[in-house]
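Working notes for the structure below.
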Amino acid sequence: MCVRKKRPKRRPPLAKRPDTDAGAEAGDNTRKCIATGELCAPERLVRFALDPNGVVTPDLGRELPGRGAWVMASPEAIIAAAAKGHFSRAFKSKAALAEGLTPEGLAAAVERGLEARALSALGLARRTGALVAGFEKARAALLKGRPGALVTASDAGADGAEKLARLAGEAPVVRAFSAEALSRAIGLEGVVHAVLADGPEAARFLREAARLEGFRPVFAVKAAAEGAA
83 MCVRKKRPKR RPPLAKRPDT DAGAEAGDNT RKCIATGELC APERLVRFAL
133 DPNGVVTPDL GRELPGRGAW VMASPEAIIA AAAKGHFSRA FKSKAALAEG
183 LTPEGLAAAV ERGLEARALS ALGLARRTGA LVAGFEKARA ALLKGRPGAL
233 VTASDAGADG AEKLARLAGE APVVRAFSAE ALSRAIGLEG VVHAVLADGP
283 EAARFLREAA RLEGFRPVFA VKAAAEGAA
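Counting in the numbering used here, the sequence shown runs from 83 upward without gaps.
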């Protein structure tokens with residue numbers, strides 16, 4: 083949930099502004115998107131930092147040193163931030179894109195990076211034993227109850243996808259990635275369906291996947307029907 087904040091008559095000092103790292107309001111963990119002016123939880127935003135040469139750099143893991151500026155995780159907001167000078171205003175210094183990179187290219191790079199982080203979380207879940215793949219294994223895991231998430235390829239057949247979605251109950255159903263991408267991330271051939279056990283691995287994956295919502299459909303809308311054949 084994001085809230086649009088009224089623009090103040092005077093721009094506050096950089097250290098007190100909510101569009102940079104030092105600008106959280108008292109008792110509040112929100113940040114303000116430098117492109118839209120909306121106050122959002124950090125999970126809905128992408129942090130950017132400047133490298134030593136003043137180049138705008140996505141900081142998807144929020145680990146880069148220096149001051150960060152925050153932008154809504156959507157192509158429209160990122161393109162606007164890059165094209166309309168919002169980065170330079172937020173950092174109070176000249177902020178340039180990498181040589182040859184357009185605002186649209188920056189947005190595409192962020193989407194690829196967010197996808198890679200979500201898929202990496204799936205691979206980690208499998209290595210730790212928190213993920214099973216394949217229709218029958220996924221079905222068996224769902225029937226046991228308390229799944230953390232069901233992941234179905236975006237290009238999966240409707241019949242199998244609907245059967246498993248009905249078994250998933252209240253668990254989120256993620257359909258943001260192709261079968262090829264899932265197979266590559268999980269390290270198995272022909273992965274169309276996978277289930278993550280409820281726990282930290284599922285929570286991490288869902289956090290990463292949710293940041294892609296501004297770029298593509300992520301969570302499937304489940305039918306209200308009960309049971310599966």
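Beta carbons: idealized from backbone N, C-alpha and C, even for Gly.
Review point. Would a C-beta distance cut-off of 7 Å place G239 and D280 closer than the cut-off?
Key: Translated into positions along the sequence shown, residue 239 becomes position 157. Translated into positions along the sequence shown, residue 280 becomes position 198. In this structure, D280 does not lie closer than 7 Å to G239 by Cβ.
Review point. How long is the line joining the alpha carbons of P185 and L179, rounded to whole angstroms?
Key: Within the sequence shown, numbered from 1, the residue matching residue 185 stands at position 103. Within the sequence shown, numbered from 1, the residue matching residue 179 stands at position 97. Each residue's alpha carbon lies about 8 Å from the other.
Exercise for review: For L294, count neighbouring C-beta atoms within 10 Å of its own C-beta (all shown protein chains included) and say buried if the count is 16 or more, exposed if not.
Suggested key: Against the sequence shown, residue 294 aligns to sequence position 212. Per the 10 Å Cβ criterion, buried.
Check your understanding: In this structure, what does DSSP give as the bridge partners for P147?
Key -> Along the sequence shown, one-based indexing puts residue 147 at 65. In the DSSP output, where bridge partners are listed per residue, P147 has none listed.
Check your understanding: If you draw a straight line from the alpha carbon of V137 to that of E181, how long is it in whole angstroms?
Key -> As a first step, residue 137 must be located in the sequence shown, where it is residue number 55. As a first step, residue 181 must be located in the sequence shown, where it is residue number 99. Spanning the two alpha carbons is a distance of roughly 9 Å.
Practice item. Assign V153 to one of three DSSP states: helix, strand, or coil. Key: Your numbering for residue 153 matches position 71 in the sequence shown. In the structure shown, V153 sits in a strand (DSSP, three-state: E or B).
Exercise for review: Taking only the alpha-carbon atoms, compute the straight-line gap between T112 and T118 and give it to the nearest angstrom.
Suggested key: Sequence index remark: in the sequence shown, residue 112 carries index 30 (1-based). Sequence index remark: in the sequence shown, residue 118 carries index 36 (1-based). Between T112 and T118, the C-alpha separation is close to 14 Å.
**Study point:** Length of the line joining the Cα atoms of G195 and W152
**Key:** Position 113 of the sequence shown, counted from the start, is the residue given in the question as residue 195. Position 70 of the sequence shown, counted from the start, is the residue given in the question as residue 152. Spanning the two alpha carbons is a distance of roughly 16 Å.
Point to revise | Contacts around A243, its chain only, beta-carbon distance under 7 Å, and the 5 residues preceding and following it disregarded | key: Along the sequence shown, one-based indexing puts residue 243 at 161. Here the set comprises T234.
Check your understanding: Do F169 and A162 have their C-beta atoms within less than 7 Å of each other?
Key -> If you number the sequence shown from 1, residue 169 lands on position 87. If you number the sequence shown from 1, residue 162 lands on position 80. Not in contact: F169 and A162 (Cβ atoms no closer than 7 Å).
Point to revise | Other residues of its chain near R199: CB distance less than 7 Å, five sequence neighbours each side excluded | key: Taking the sequence shown and counting its residues from 1, one reaches residue 199 at position 117. Cβ neighbours of R199 beyond the five flanking positions: L142 and E290.
Review point. Using CA coordinates, which residue listed in A203, R257 and F217 is at the minimum distance from G211?
Key: Locating residue 211 in the sequence shown gives position 129, counting from the first residue. The option with the nearest alpha carbon to G211 is A203.
Exercise for review: Enumerate in chain order the residues of its own chain whose CB-to-CB distance from G192 is below 7 Å, with the five nearest sequence positions on each side excluded.
Suggested key: Residue mapping note: residue 192 aligns to position 110 of the sequence shown, counting from 1. Here residue 192 is Val; the residue named in the question, Gly, does not match the sequence. Cβ neighbours of V192 beyond the five flanking positions: V128, P140 and I160.
Check your understanding: Just reading off the alpha helix (DSSP H) that A200 is part of, what are its end residues?
Key -> For the purposes of this step, residue 200 is identified with residue 118 of the sequence shown, where counting begins at 1. Here the alpha helix (DSSP H) through A200 covers P185 to R209.
Review point. Taking buried to mean at least 16 other C-beta atoms within 10 Å of its own C-beta, is E125 buried or exposed?
Key: Residue numbering aside, residue 125 sits at position 43 when the sequence shown is read from its first letter. E125 is exposed by the Cβ-count criterion.
Exercise for review: Using alpha carbons as the reference points, say which of K245, F287, C84 and R298 lies closest to L201.
Suggested key: One-based indexing of the sequence shown puts residue 201 at position 119. That would be F287, whose Cα lies nearest to the Cα of L201.
Review point. In or out: A284 buried (at least 16 other Cβ within 10 Å) or exposed?
Key: Position 202 of the sequence shown holds residue 284. Looking at its Cβ environment, which holds 16 or more other Cβ atoms inside 10 Å, A284 is buried.
**Study point:** Sequence ranges, beta strand (DSSP E) only - wholly within the region 224-273, length at least 3
**Key:** 229-234
**Study point:** Buried or exposed by the 16-neighbour rule on C-beta atoms within 10 Å, applied to G296
**Key:** Here residue 296 is taken as the residue at index 214 of the sequence shown, counted from 1. Per the 10 Å Cβ criterion, buried.
Exercise for review: Please determine, among K226, P134, L188 and K166, the residue with the shortest C-alpha to C-alpha distance to S156.
Suggested key: Mapped onto the sequence shown, residue 156 falls at position 74. The shortest Cα separation from S156 among K226, P134, L188 and K166 belongs to L188.
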